[in-house]
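Participant: Residues in the sequence shown are numbered from 1 upward in steps of one, following full-length UniProt numbering.
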Amino acid sequence: MQEVRRSLPIFPYREDLLAAINQHQILVIEGETGSGKTTQIPQYLLEDVSVDSRQHQTISQQCFMIMRKRFEKSERILTLVVIIDEAHERTLHTDILFGLIKDIARFRSDLKVLVASATLDTERFSCFFDDAPVFRIPGRRFPVDIFYTKAPEADYLEACVVSVLQIHVTQPTGDVLVFLTGQEEIETCCELLQERCRRLGSKIAELLVLPIYANLPSDMQAKIFNPTPPGARKVVVATNIAETSLTIDGIIYVIDPGFCKQKSYNARTGMESLIVTPCSRASANQRAGRAGRVAAGKCFRLYTAWAFKHEMEETTVPEIQRTNLGNVVLLLKSLGINDLIHFDFMDPPPHETLVLALEQLYALGALNHLGELTKLGRRMAELPVDPMLSKMVLASEQYKCSEEVLTIAAMLSVNNSIFYRPKDKVVHADNARMNFVVPGGDHLVLLNVYTQWLESGYSTQWCYENFIQFRSMRRARDVRDQLEGLMERIEVEVVSSQGDSLPIRKGVTAGYFYHTARLNKGGYKTVKHQQTVYVHPNSSLFEEQPRWLIYHELVFTTKEFMRQVIEIDSGWLLEVAPHYYKSKELEDSSSKKMPRKQGKAKEELGQ
Numbered sequence: 001m002q003e004v005r006r007s008l009p010i011f012p013y014r015e016d017l018l019a020a021i022n023q024h025q026i027l028v029i030e031g032e033t034g035s036g037k038t039t040q041i042p043q044y045l046l047e048d049v050s051v052d053s054r055q056h057q058t059i060s061q062q063c064f065m066i067m068r069k070r071f072e073k074s075e076r077i078l079t080l081v082v083i084i085d086e087a088h089e090r091t092l093h094t095d096i097l098f099g100l101i102k103d104i105a106r107f108r109s110d111l112k113v114l115v116a117s118a119t120l121d122t123e124r125f126s127c128f129f130d131d132a133p134v135f136r137i138p139g140r141r142f143p144v145d146i147f148y149t150k151a152p153e154a155d156y157l158e159a160c161v162v163s164v165l166q167i168h169v170t171q172p173t174g175d176v177l178v179f180l181t182g183q184e185e186i187e188t189c190c191e192l193l194q195e196r197c198r199r200l201g202s203k204i205a206e207l208l209v210l211p212i213y214a215n216l217p218s219d220m221q222a223k224i225f226n227p228t229p230p231g232a233r234k235v236v237v238a239t240n241i242a243e244t245s246l247t248i249d250g251i252i253y254v255i256d257p258g259f260c261k262q263k264s265y266n267a268r269t270g271m272e273s274l275i276v277t278p279c280s281r282a283s284a285n286q287r288a289g290r291a292g293r294v295a296a297g298k299c300f301r302l303y304t305a306w307a308f309k310h311e312m313e314e315t316t317v318p319e320i321q322r323t324n325l326g327n328v329v330l331l332l333k334s335l336g337i338n339d340l341i342h343f344d345f346m347d348p349p350p351h352e353t354l355v356l357a358l359e360q361l362y363a364l365g366a367l368n369h370l371g372e373l374t375k376l377g378r379r380m381a382e383l384p385v386d387p388m389l390s391k392m393v394l395a396s397e398q399y400k401c402s403e404e405v406l407t408i409a410a411m412l413s414v415n416n417s418i419f420y421r422p423k424d425k426v427v428h429a430d431n432a433r434m435n436f437v438v439p440g441g442d443h444l445v446l447l448n449v450y451t452q453w454l455e456s457g458y459s460t461q462w463c464y465e466n467f468i469q470f471r472s473m474r475r476a477r478d479v480r481d482q483l484e485g486l487m488e489r490i491e492v493e494v495v496s497s498q499g500d501s502l503p504i505r506k507g508v509t510a511g512y513f514y515h516t517a518r519l520n521k522g523g524y525k526t527v528k529h530q531q532t533v534y535v536h537p538n539s540s541l542f543e544e545q546p547r548w549l550i551y552h553e554l555v556f557t558t559k560e561f562m563r564q565v566i567e568i569d570s571g572w573l574l575e576v577a578p579h580y581y582k583s584k585e586l587e588d589s590s591s592k593k594m595p596r597k598q599g600k601a602k603e604e605l606g607q
């Protein structure tokens, strides 16, 4: 273990780093992925008595929710060290944490802040934290030759496949890293590579093709770290997770098509879009750097030098400028920060998005007409989830179904990664998924999945047989346990509906009445904005097409899809949100015929 620690790039700088931490209240630490920032800095602090002879406390980015209570003035310790790790990722929570920490540091001289980042944006961090010094940990950098295409590639996926095979046939030993935008592209690329390698047969050396993306089961993800066998070459086909979050030894060649998938948010429609977009120049440089870790490398950019200089943004737009801010506003309000416009954001969010978040919280009953937290709002702020989700959980007590709604809330927090659908077993995976379908909608399907997993004893084998992501289920269980503990603290009784789905659907409606769609002759439209939307093909209600739906989220991919939908009665909307809906809005014109297939859904639900 000691040998491994000594081999890390950070080790020779241990004493200098500790001296810098002692000298400065806020320190930005720059180091490449794999330099040892995350694992070693907390250990150095704990080992070094000079930092604090009595007590140390480290808080990583992942422990952000500890900040909900801030640092109470009544309880002080000699030195509190806050480590904000992976700061370069600029997630929503890290950006809020930056503003809170900066404010607290001004009146807490006993607070030390370490902002650990890869080689992106460290000067920005320094500037934001009042010109805090930057401590740089040099990486094991080797030169990387960068090659551009002479003209734009019409089909970058095909260009990636061709480039990998050209490298494999013509270039010296060394593994290849290919950046693509998501699971579908990665699986297609892997299939094409394997098929063409089979065609070439013994004419070429062995090529190991390994995918890596978030929904891939853990055991398959781990394969990318295995040493490459002698005489073979490994090609890792990855999302941008491999830019900074992973260290893969042996990579000499990088193929970069110049695209990534990025979430954006339309405040007017409340819709999130996951769109393929050109990556930033900073990301492109980070990708190229993956090739120079163990030896001199090469990066093949499948775009022109002109496009790199003129078409790509300098840095990636931070998440806070392209996401719903309901959770952020609720959190800041609960911390006593009411002047959101002048809160010290590193990059301020759009004004329109802030206003929409305030409107939503008012509609949910979390804020009063003065913009102050209500009693309900304070309880909602105790639950570290989206405001609509927390309202749903709290409302479930009234409908005597909090046991089930708690499970649904946990599953919704990981819902897009529950089902595993490998390209070579699509039929088997879809059949397995159909076995979980129950009348009423997708929320009840998720509840059924979790209930069956619980009855299996939280079995890994059960997940494998049913094409369920064990890692996602385990995360859902952790979220559920956390929420259950918080509900106990705010004195919400956890009771079961005893198999009755009606109170569960009412509980969901109480939290998500904002997200209602009605089926008209032309298809589904949202009730408030009259926006045309579609049930996602993966939904259990895709064939049923009930008249009234509540959806968990709107996502634009190829169309404006409603994800995770549940059938409701329009009368419930007046019951749970009389301040938001008027009966006239919810009237069905008598001249309209009931859509086909609606009767089937009603019959199964006993309505």
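Backbone N, C-alpha and C fix where the C-beta goes; we use that ideal spot for every residue, glycine too.
1) Short check: CB of I83 to CB of A116, under 9 Å?
2) Looking only at its chain, what residues have a beta carbon closer than 7 Å to the beta carbon of G507, apart from the 5 residues adjacent to it on each side?
3) Let me confirm a value: H310 is counted as buried when at least 16 other C-beta atoms fall within 10 Å, else exposed. Which label applies?
4) Assign P257 to one of two classes, buried (16 or more other C-beta atoms within 10 Å of its C-beta) or exposed (fewer than that).
5) Around the Cβ of I204, are there at least 16 other Cβ atoms within 10 angstroms (buried) or fewer (exposed)?
6) Nearest CA to the CA of G292: which residue from E32, A510, V445 and L193?
7) With a threshold of 8 Å, are at least 3 pairs of Cβ atoms found where one atom belongs to the region 366-377 and the other to the region 409-419?
8) R6 to P12, Cα distance in whole Å?
9) What are the partner residues of Y265, as DSSP defines its beta bridges?
10) Decide yes or no for the touch test of the region 149-157 against the region 293-308: beta carbon pairs closer than 8 Å, at least 3 of them.
11) Could you check whether E560 and V531 sit closer than 9 Å to each other, using their CB atoms as the reference points?
12) For E75, I'd like the list of residues in its chain whose CB is within less than 6 Å of its CB, leaving aside the five on either flank, ordered along the chain.
13) Evaluate contact between the region 231-238 and the region 205-214, counting only Cβ atoms and requiring at least three cross-stretch pairs below 8 Å.
14) Of the choices E185, V254 and D347, whose alpha-carbon is the least far from that of D175?
15) Which of the three DSSP states is assigned to G31 in this structure?
16) Along the beta strand (DSSP E) that carries Y551, what are the first and last residues, could you check?
17) Can you tell me whether Y524 is buried or exposed? The criterion is at least 16 other CB atoms within 10 Å of its CB, across all chains shown.
18) Does DSSP classify V317 as helix, strand or coil?
19) By how many angstroms is the C-alpha of S109 removed from the C-alpha of M487?
20) Please identify the residue among Y450, G485, F125 and A510 whose C-alpha is closest to the C-alpha of F470.
21) With respect to the alpha helix (DSSP H) encompassing T503, which residues constitute its N-terminal and C-terminal limits?
22) Could you tell me if R287 is buried or exposed, where buried requires 16 or more neighbouring beta carbons within 10 angstroms of its beta carbon?
23) Suppose you measure from the CA of F64 to the CA of N226; what does that come to, to the nearest Å?
24) Identify whether D16 lies in helix, strand or coil by the three-state DSSP scheme.
25) In terms of residues, what are the limits of the alpha helix (DSSP H) holding M380?
26) The beta strand (DSSP E) spanning Q564 covers which residue range?
27) E113: which of G522, L97 and L541 sits nearest, CA to CA?
28) Return the first residue and the last residue of the beta strand (DSSP E) that C299 is part of.
29) Do you know how far the Cα of L354 is from the Cα of M271?
30) Count the other C-beta atoms from every protein chain shown that fall within 10 angstroms of the C-beta of N431, then say buried if there are 16 or more, exposed otherwise.
31) In chain order, what residues of the same chain have a beta carbon less than 7 Å from the beta carbon of V479, not counting five sequence neighbours either side?
32) Out of curiosity, what's the CA-to-CA distance linking Q40 and E313?
33) Determine the burial state of H342: buried for a count of at least 16 other Cβ atoms within 10 Å of its Cβ, exposed for fewer.
34) If you measure between the beta carbons of I568 and R505, is that distance less than 9 Å?
35) Output the residue ranges of the alpha helix (DSSP H) runs that lie fully inside the region 362-442 and measure 4 residues or longer, sorted by chain position.
36) If you count every other CB in all the chains shown that lies within 10 Å of the CB of W306, and 16 or more means buried, which is it?
Facilitator: So, to answer that:
1) Locating residue 83 in the sequence shown gives position 83, where the first residue counts as 1. Locating residue 116 in the sequence shown gives position 116, where the first residue counts as 1. For I83 and A116, yes; Cβs fall inside 9 Å.
2) Start at 1 with the first residue of the sequence shown, and residue 507 comes out as number 507. Residues M392, A395, S396, Y399, C401 and V405 of the same chain have their beta carbon placed closer than 7 Å to that of G507, with the five preceding and five following residues left out of the count.
3) Within the sequence shown, residue 310 is the residue found at index 310, counting from 1. That one is exposed.
4) To locate residue 257, count along the sequence shown from 1; it is residue 257. P257 counts as buried, since at least 16 other C-beta atoms from the protein chains shown sit within 10 angstroms of its C-beta.
5) Position 204 of the sequence shown, counted from the first residue, corresponds to residue 204. Only exposed fits I204, as fewer than 16 other CB atoms lie within 10 angstroms of its CB.
6) The residue you call residue 292 lines up with position 292 of the sequence shown. Nearest to G292 by alpha-carbon distance, out of E32, A510, V445 and L193, is E32.
7) Because the criterion of three Cβ pairs below 8 Å is not met, the region 366-377 and the region 409-419 do not touch.
8) For the purposes of this step, residue 6 is taken as the residue at position 6 of the sequence shown. For the purposes of this step, residue 12 is taken as the residue at position 12 of the sequence shown. Taking the straight line from one Cα to the other gives about 8 Å.
9) Translated into positions along the sequence shown, residue 265 becomes position 265. Answer by DSSP bridge pairing, in chain order: E272.
10) Result yes; three or more Cβ-Cβ pairs closer than 8 Å.
11) If you number the sequence shown from 1, residue 531 lands on position 531. If you number the sequence shown from 1, residue 560 lands on position 560. What sits at residue 531 in the sequence shown is Gln, not Val. Their beta carbons are under 9 Å apart, which means Q531 touches E560 by this criterion.
12) The residue labelled residue 75 in the question sits at position 75 within the sequence shown. The predicted position of E75 is uncertain, since its pLDDT is 46 and thus under 50; no value can be drawn from it.
13) Contact between the region 231-238 and the region 205-214 is present, because at least three Cβ pairs lie under 8 Å.
14) Residue mapping note: residue 175 aligns to position 175 of the sequence shown, counting from 1. Out of E185, V254 and D347, the CA that lies nearest to the CA of D175 is found in V254.
15) For the purposes of this step, residue 31 is identified with residue 31 of the sequence shown, where counting begins at 1. Strand at G31.
16) One-based indexing of the sequence shown puts residue 551 at position 551. W548 to F556 is the span of the beta strand (DSSP E), which, as asked, contains Y551.
17) Residue numbering aside, residue 524 sits at position 524 when the sequence shown is read from its first letter. Counting the other Cβ atoms within 10 Å of the Cβ of Y524 gives 16 or more, which makes it buried.
18) To locate residue 317, count along the sequence shown from 1; it is residue 317. In this structure, V317 counts as coil in the three-state DSSP scheme.
19) In the sequence shown, counting from the first residue as 1, residue 487 sits at position 487. In the sequence shown, counting from the first residue as 1, residue 109 sits at position 109. For M487 and S109, the distance between alpha carbons rounds to 35 Å.
20) As a working mapping, residue 470 is identified with position 470 in the sequence shown. The candidate whose alpha carbon is nearest that of F470 is Y450.
21) Looking up residue 503 in the sequence shown gives position 503. Note that residue 503 is Pro in the sequence shown, not Thr. For P503, the enclosing alpha helix (DSSP H) covers residues S501 to Y512.
22) For the purposes of this step, residue 287 is identified with residue 287 of the sequence shown, where counting begins at 1. Per the 10 Å Cβ criterion, buried.
23) As a first step, residue 64 must be located in the sequence shown, where it is residue number 64. As a first step, residue 226 must be located in the sequence shown, where it is residue number 226. A caution first: F64 carries a pLDDT of 41, below 50, which makes its placement in the model too unreliable to give a value.
24) Taking the first residue of the sequence shown as 1, we reach residue 16 at position 16. Three-state DSSP puts D16 in a helix.
25) Locating residue 380 in the sequence shown gives position 380, where the first residue counts as 1. For M380, the enclosing alpha helix (DSSP H) starts and ends at K375 to A381.
26) In the sequence shown, the residue the question calls residue 564 occupies position 564. E560 to E567 is the span of the beta strand (DSSP E), which, as asked, contains Q564.
27) Position 113 of the sequence shown, counted from the first residue, corresponds to residue 113. Inspection of the sequence shows that residue 113 is occupied by Val rather than by Glu. Nearest C-alpha to V113 among G522, L97 and L541: L97.
28) For the purposes of this step, residue 299 is taken as residue 299 along the sequence shown, with counting starting at 1. Its beta strand (DSSP E) spans residues G297 to R301.
29) Mapped onto the sequence shown, residue 271 falls at position 271. Mapped onto the sequence shown, residue 354 falls at position 354. One C-alpha to the other measures close to 15 Å.
30) One-based indexing of the sequence shown puts residue 431 at position 431. It counts as exposed.
31) One-based indexing of the sequence shown puts residue 479 at position 479. These residues qualify, in order along the chain: A410 and S413.
32) Translated into positions along the sequence shown, residue 40 becomes position 40. Translated into positions along the sequence shown, residue 313 becomes position 313. For the pair Q40 and E313, the Cα-to-Cα distance works out to about 33 Å.
33) Here residue 342 refers to the residue found at position 342 when the sequence shown is read from its first residue. Result: exposed.
34) Taking the first residue of the sequence shown as position 1, residue 568 is located at position 568. Taking the first residue of the sequence shown as position 1, residue 505 is located at position 505. At a Cβ-Cβ threshold of 9 Å, I568 and R505 count as neighbours.
35) Runs of the alpha helix (DSSP H) inside the region 362-442: 375-381, 387-395, 402-412 and 426-434.
36) In the sequence shown, counting from the first residue as 1, residue 306 sits at position 306. Its Cβ having fewer than 16 others within 10 Å, W306 is exposed.
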